[in-house]
Each structure stands twice: as structure tokens, then as C-alpha cells.
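Here the protein sequences line up with chains G and H, keeping their order. Numbering of the first sequence is given in the numbering used here, commencing with residue 1155 and proceeding in unit increments. Numbering of the second sequence is given in the numbering used here, commencing with residue 5 and proceeding in unit increments.
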Amino acid sequence: MWMRKAYVEVLVRYTREGQKIPILIIWEDGRKFSVDRVLDIRRAASLKAGGQGIRYRCRICSKETFLWFEEGKWFVEAL
Amino acid sequence: MGRVILHSDLNSFYASVECLYRPELKKKPVVVCGKQSTRHGIILAKNEIAKRFGVRTGEAIWEAQSKCPNLVLLPPNYSRYLRFSELAMSVYRNYTDKIESFGIDECWMDITESTRLFGNGESLAHKIKEKIKNELGITVSVGVSYNKIFAKLGSDLKKPDEVTVINRDNFKDTVWPLPVNELLYVGPATKRKLNRIGIFTIGDLANTHMAFLVKLLGKWGETIWAFANGYDATPVNKTDHDGIIKSIGNSLTAPRDLTCDEDVKMLIYVLSESVGKRLRKHNLKGKTVQISIKANDLSLIERQAGFDDYTYTSSLIAEKAFKIFTRNWDWSKNIRLLGVRAANLVTANEYVQLSLFSDGRKAKRELLDRSIDSIRSRFGHYSVQRALLLRKKRENGLNINPVEDHVIHPISFFKGHI
Ligand SMILES: [Mg+2]
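Structural data, given as C-alpha cells:
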């Protein structure tokens, strides 16, 4: 039902307008996943992991994943 | 066409935010409370499930636990609540800039102008409700009406996550059958007085002759009579641009003109106690005290002074306010209205700086105020009183319970009206 809030390391590109675009996600165990594309950026809550921030809908390895930026830290919903 | 006013209320605010961050608790009875070990261990907020067990805000932790043994106790996280309060504000600001906060979790919006862009009041209320749910992960209930009083009433009628419309066609059916104390500012004391003469519902109040109510309650009678009939015309006063509580103040039109320092001192203590109580309730401390004085010729002055340190202690606020008063008033006129306000606020638990040379008196006074709050919440406002206020209680009628009697309004509510 609910999921774990997994904080991750993220490589970020800043656009000229100052917007943050995640490029690479580094998982807790060190595995790296590159973000193929950011599909949507909006403010949203994570009801499953428990959090609230800017939510990035990303395509990673041809799968869609949500990535949150909350008060200076990045997290994903994990099992 | 009349105004379109919304009142939005974040449901079980503190507890909802906590449950958002602890999804595993969502199906359990949860309360946010003070430290169990200290004397101010009271319930600050409860979720819907705890409410079903009869848990009430303001009661002691042990009382709540006796009704609900599996109650989950969580400590408050005020900086997070302030962040969510501000997030809600930013949602509201998508639709209007006429927003008036009423505490950390409620506000009014005047959307009369916005309806042309965004659709009617009801559909706009639904938009706001959904946006808050998606963006913040907590719910609001929204009242839609043509005045602030009915809008506020509407947000209380159905919750959580609901919209209630009270318009000129349905208010007699929806509002009038409600108990009279559901009306904003009709507290227990006023309710008792009204009940005694057979006024039990808001409709009873609305249909009573206004002059009769004035005889019973003074000018106040006219005000609540107007509220009950939907004649409330108080505007939505824009709060500070960034929506964060900048100050907490109370003002009061005295039952009679004030004519000497002693009168003023008394009222300043009444007002300061209410300001202190509200600061403590929101866990805020202030560094500046402001007073406003309206003379009987309706001229108004405002003066302020600062503390060396942040405080929420009622007596310190009162002492400072009285000092400002004596420095600025020469009694060439008598006084009709007094206001006391604490400004320059910080959250109380973020600002903890114990002076090396502190003798502990400050902490003691704070503890004393917290204890008085908890005694009053259990046994009523008049169970503990300042000797100063007892002195001329009978004859001067100035010892008013600002909270239970609800004769003191947040200044913003009647801004420009007193
Ligand atoms: Mg609320």
C-alpha cells in the first residue's frame, strides 16, 4: 500500500532560466540511471512515500518514474 | 450582483500533515500533542479517526488515551505546518489576491472579480479543493457564500474534502436551523444569554427584534443579528503579501469610555492575555508590541516598542503595552477603543536562545502562562484570574473573557469598521 521514501543522489542541469533538470540518478547501492526525458514538472504530494515537493515525471530506461525535489533533497517512491 | 466569498479550511491541519508524512499511520487514530513529560502535554490536533473516539483538542493526553488506548502520539512540527500553510496560500493566490488569513489553516477569499475568468464560486471552490489535494496531499473544506460569516459557516458544515454553497435562496434552510453558537463570535457566554430568552437557533436570532437584542447585548446584539441575517458586509482584508502571519492582535471597543490609567491598564491586561494565548496557540513569539488607541472623537493613534528578546508571555506584553500607553497619552481625551498587537514574530521552538546569564525567570513565566492556558482549557476562563482584574469587576464591566465571550475580534476582521 505505502512505499518507502528513498533519497537518491541526482546530477542536475540548470537551465538558463534557473530551472532544475535531473540528468542522472544514483541509487542507494551506487547503480546509476540516466534520465532520458523529463515529461512533466509540477508541484505534487507523494501519498505513497509521504512527502511533498516539485514532482518530475521522468522516463528512465523506457519506464516512467516520479522523482521529487523536496526542501533541497531528491527522493523516489521505492518498494 | 453581490460578492462571492470563499472560506477555505485545511481539515485537521496539523494531524493531516503528519499523516501525509507517515502514510503507515493513515488508518490509525493520530494526535499531535505537546511533550508528554511536561505539564503542557495537551492535544493540539487530531485526525478524523481519533475524532471518532471522542478525542478533543485542548484536553490532556491522559484523557485522550483513556478514550482511545491505541492513540498514536506525535510531536508538533511547526516549521513544516508553516510551509504547508504558505503552499496553500500560493494555491489560493492563483485565483485572487484578496485573501485574508484567519489563523494558520483558514482564510477568506473575495473572488467576485475572478469569477469572470474562472467560473462561478462553486466551480472555483472545487478547483481549489482539488488543487490543494493534488499539490499538498491534504484536504480542505470550502464554504461559498455572499458574505464572510456564511462562507465560514459553510466550510464547517461538511468536511473533510467538501464544498458547501450558502446563497440567498438556501440560507434560511441551511443556516437558520443551526444552533446559535455555530455563528462566528457567538461564544458560550452569549449563547447562554440568548438561550435564556428562548433563542436557540441562528434563525431564532435572525427573527428577533434587533432593538431587543441591543438592549440585551449592547451594540454587539446588532452585530450578531446582522450576521444571522446575512447582512455582514465586512470586506476581505488582504493579509500581508506573503500570507505568513506577521502579527497577532486584539482590539476592543470598551463597554464605556475609558477615563483613567487604571481603566486602560485593566483592558490592556485583558487584551494582552488574549494576544499571549493566541501566540502560544500558534507557537509564535513576538519582539514588538504595538498599541492602537481610538479616542472618543474617533481620532486614532498607533505606537510601538520592542523587547530585547522574543516573548509570548502575556504579562510582559501587557507591561510593555502599558508603558507605551503612559508615554503617549495625556488624557486630554477619553478612550473608546484599545488594541494590543504583537509583531515581528518567529516560531517559538525555532528560536531558542537561553542567555548565559539568564536567571530562569523568563522560562518560569512562560511555563506559568502555559499552565494557566491548560487550567483555563479545562475549567473555564474565569477559573484563574489576575488580581488586577478582580478589583473593580462588578462596577466597571471591563473584565471580559476575550476568548469565550468572543467580544474581541482579530483586528483584521473588522478592519476599517470599528
Ligand atoms: Mg482547520
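Beta carbons: idealized from backbone N, C-alpha and C, even for Gly.
Relative to H/Lys102, the option among H/Ile115, H/Ile108, H/Gly343 whose CA is nearest is H/Ile115. Burial state of H/Ser94 is exposed, judged by a 10 Å Cβ sphere holding fewer than 16 other Cβ atoms. Within its own chain, the residues whose Cβ lies closer than 6 Å to the Cβ of G/Ile1179, once the five positions on either side in sequence are excluded, are Val1162, Val1164, Phe1187, listed in chain order. The beta carbon of H/Arg284 is closer than 7 Å to those of Tyr316, Asp373, Arg374, Asp377 in its chain, skipping five residues each way along the sequence. The beta carbons of H/Lys137 and H/Asp165 sit about 7 Å from each other, so the pair counts as a contact at 8 Å. For H/Val95, the enclosing alpha helix (DSSP H) has its first and last residue at 82-96. For G/Lys1202, the chain H residues whose C-beta falls within less than 7 Å of its own C-beta are Pro27, listed in chain order.
Distances taken from the Cβ of H/Asp160 to the heavy atoms of ligand 1 include none shorter than 6 Å. Here DSSP, grouped into helix, strand and coil, assigns H/Arg60 to coil. Runs of the alpha helix (DSSP H) lying entirely within the region 16-42 of chain H, each at least 4 residues long, are 17-25 in chain order.
H/Ile295 is not a Cβ neighbour of H/Ala322, given a cutoff of 7 Å. Put simply, the CB of G/Trp1222 is far from chain H, with every gap to its CB atoms at 7 Å or more. Bounds of the beta strand (DSSP E) holding H/Thr168 are 167-169.
Of all residues, those with a beta-carbon under 7 Å from at least one heavy atom of ligand 1 are H/Asp13, H/Leu14, H/Asn15, H/Ser16, H/Phe17, H/Asp109, H/Glu110, reported in chain order.
Taking C-beta atoms as the reference points, H/Glu90 and G/Ala1198 fail to come closer than 7 Å. Cβ proximity to chain G below 7 Å picks out Asn138, Glu139, Leu140, Gly141 from the region 125-142 of chain H.
Going by C-alpha positions, H/Lys337 is about 59 Å away from G/Lys1227.
Linking G/Pro1176 to H/Ser83 through their CA atoms gives a straight-line distance of about 27 Å. For the region 68-93 of chain H, there are no residues whose beta carbon sits under 7 Å from a beta carbon of chain G. Residue range 125-140 is occupied by the alpha helix (DSSP H) that includes H/His130.
Residue nearest to H/Leu10 within the set H/Asn241, H/Arg369, H/Pro79, H/Trp180 is H/Asn241 (criterion: CA-CA distance).
With a cutoff of 7 Å on beta-carbon distance, H/Tyr314 and H/Lys289 are scored as near each other. The region 202-211 of chain H makes contact with the region 227-234 of chain H: 3 or more CB pairs, one atom from each, lie closer than 8 Å. Annotated as distal: H/Pro27 and G/Gly1207, with beta-carbon spacing of 7 Å or more.
Scanning chain G for C-beta atoms nearer than 9 Å to the C-beta of H/Leu24 yields Ala1199, Ser1200, Leu1201, Gly1204, Gly1205, Gln1206, reported in chain order. In this structure, DSSP gives H/Ser336 a state outside helix and strand, which the three-state scheme calls coil.
Between the region 60-69 of chain H and the region 103-112 of chain H there are fewer than three C-beta pairs closer than 8 Å, too few to call the two in contact. Separation of the CB atoms of H/Ser255 and H/Leu342 is rounded to 7 Å, and the pair is thereby assigned contact status at 8 Å. Residues of chain H whose Cβ lies closer than 7 Å to the Cβ of G/Trp1156 are, in chain order, Pro27, Glu28. Note that the region 22-36 of chain H touches the region 48-57 of chain H; at least 3 beta-carbon pairs, one per stretch, sit closer than 8 Å.
The beta strand (DSSP E) runs of length 3 or more contained entirely in the region 294-342 of chain H are, from start to end of the chain, 304-315. Straight across, the Cα-Cα distance linking H/Leu304 with H/Ile328 is about 15 Å.
Membership of H/Glu117 in any beta strand (DSSP E) is not indicated, and neither H nor E is assigned to it by DSSP.
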